[in-house]
Amino acid sequence: MKIATWNVNSLKVRLPHLLDWVVRQTPDVVCLQELKLEDVNFPRAEIETAGYQCAISGQKTYNGVAILSRAPLTEIQAAFPDLTIRRSASCRPTVEGTRIVCAYVPNGQSVGSDKYEYKLKWIAAFERWLREELSCHPRLVVVGDYNIAPEDRDVHDPKAWEGQVLCSAPEREAFGRLLGLGLVDSFRLFDQPEKSYTWWDYRMNGFRRNLGLRIDHILLSSGLAARCASCSIDLEPRRLERPSDHAPVVAELRD
DNA sequence: ATGGCTATGTAGCATAGA
C-alpha cells in the first residue's frame, strides 16, 4: 500500500496538480490538508473519476481535510469527538484492516499566543484520542501536517528557529509523546538526503534556496513500521507554477 | 527590517498560514 500526505493549501487551486500527481505516483491512499472549502464544494466527481473514494471533513475558508482511497472506505469518522474545531478526519479499515488518520494540527502562530496554547491543548487531546485508537487498531497510520519540526536537522536554520513556533521545546516534546505511544516517524526509518523539508515559505525564494522545514509526517504503529519499504518527499509538485507551499510525503507498506 | 507571498472573503483590505 502506498500512502501519501499533502497539505494542498486550497484544493480548488491545487486540483489540477493533485489529479496529475496521482496519475504519476498512483498512491492507494492520499490524505489532504488545508482544503479551504466546504464539503458541498468538494470536487468529488473529478476525484472519483481519478479512481478514489473520498472521506471529507471540509470547512469554509480555513483548514479542512480529506482522505482519498482506491479501496472502499468504511466507518468514516468526520472529526475527533473531543476536538472542537473540525481539522481532522479518520476512517477504518481501508485496506486489510489498516486504519488511517489524517490530521491537520493547528499552526500555533507564535510561542505564547492563544493559538499556541490551543495548539498544545489540541495535541494533548489528539494524544489521548490516539492512545485509545491504538489499543483497538494496532495497524494505525497517522499522517498529516503536524506543524512541528521534530529535530534541528528538520530545520534549514536551527539557530534562527530556536524556540520559535514549529520548533519550540513544548511542541517537540508533544510530538515526542505521540511517538511515545508507539508510533514511528517513517521518514527516519531510512537514510535520507540532508536538508530534507516538506514546507518552504512562498516569500524570499524559500524553495529555490531550500529554506524549509520538515513538518509533514507519516507516523506508523510499530507493526506497520516493520512493513515500511520506503518513505520520501516528492519535490516535483513544489516546482510547478502556483504550487502549494507544502510538498507531499509518500510511504510504501509491504503487503 | 514584524517586511518578504499566497489564498480566502469580499470589494479595499483583513486574516491566516508557517
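Using our numbering, read the first sequence as starting at 25 and increasing by one per residue. Positions of the beta carbon are idealized from the N, C-alpha and C atoms, including for glycine. Given the structure is predicted, the values throughout are model-derived calculations rather than measurements.
Please report the straight-line C-alpha distance between residue i and residue j, rounded to a whole angstrom.
{"i": "GLY132", "j": "HIS161", "result": "29 Å"}
{"i": "ARG23", "j": "ASP52", "result": "It is not possible to answer for residue 23, since the shown part of the chain is limited to 25 through 279."}
{"i": "GLU72", "j": "ILE27", "result": "17 Å"}
{"i": "GLY187", "j": "ASP138", "result": "17 Å"}
{"i": "ARG68", "j": "CYS78", "result": "7 Å"}
{"i": "LEU283", "j": "ASP178", "result": "There is simply no residue 283 to check, as the chain begins at 25 and stops at 279 in what is shown."}
{"i": "GLY136", "j": "GLU195", "result": "12 Å"}
{"i": "ASN171", "j": "HIS241", "result": "9 Å"}
{"i": "LEU264", "j": "LEU92", "result": "22 Å"}
{"i": "TYR76", "j": "ASP176", "result": "37 Å"}
{"i": "MET228", "j": "THR85", "result": "25 Å"}
{"i": "ASN87", "j": "ASN31", "result": "10 Å"}
{"i": "ASP225", "j": "LEU259", "result": "14 Å"}
{"i": "VAL46", "j": "CYS255", "result": "16 Å"}
{"i": "GLY247", "j": "THR222", "result": "25 Å"}
Look at residue i and residue j and say whether their C-beta atoms are less than 8 Å apart.
{"i": "SER134", "j": "TYR142", "result": "no"}
{"i": "SER192", "j": "ALA275", "result": "no"}
{"i": "LEU243", "j": "LEU202", "result": "yes"}
{"i": "PHE199", "j": "PRO182", "result": "no"}
{"i": "LEU43", "j": "ALA74", "result": "yes"}
{"i": "LEU213", "j": "ALA184", "result": "no"}
{"i": "SER245", "j": "ARG163", "result": "yes"}
{"i": "VAL64", "j": "ARG266", "result": "no"}
{"i": "LEU97", "j": "GLU70", "result": "no"}
{"i": "GLY121", "j": "THR29", "result": "no"}
Checking the sheet assignment: what are the DSSP bridge partners for residue i?
{"i": "ALA79", "result": "ILE91"}
{"i": "THR122", "result": "VAL119"}
{"i": "LEU243", "result": "VAL166, ASP209"}
{"i": "ASN31", "result": "GLN57"}
{"i": "ALA237", "result": "Reading the sequence as shown, one finds Leu at residue 237 and not Ala. Paired residue(s): VAL179, TRP223."}
{"i": "ILE257", "result": "VAL273"}
CB-CB under 7 Å to residue i, same chain, minus the five flanking residues each way: which ones, in chain order?
{"i": "VAL119", "result": "MET25, ASP52, ALA95"}
By Cβ distance below 8 Å, which residues in the same chain neighbour residue i in space, the five residues on each side in sequence not counted?
{"i": "ARG155", "result": "LEU205"}
{"i": "ASN33", "result": "GLU58, LYS60, SER268, ASP269, HIS270"}
{"i": "LYS219", "result": "HIS180, ASN234, GLY236"}
{"i": "PHE66", "result": "LEU35, LEU59, CYS78, ILE80, GLY82, ALA90"}
Report all residues from its chain with a CB closer than 6 Å to the CB of residue i; omit the five preceding and five following residues, and keep chain order.
{"i": "ARG116", "result": "GLU99, ARG123"}
{"i": "ARG262", "result": "PHE231, ALA271"}
{"i": "ALA253", "result": "GLU276, ARG278"}
{"i": "GLU62", "result": "GLY82, LYS84"}
Segment contact, 8 Å Cβ cut-off, at least three pairs: the segment 55-62 with the segment 125-145: The segment 55-62 vs the segment 125-145: in contact.
Determine, using beta-carbon pairs with one atom in the segment 236-245 and one in the segment 259-274, whether at least three such pairs fall under 8 Å. Verdict: yes, contact present.
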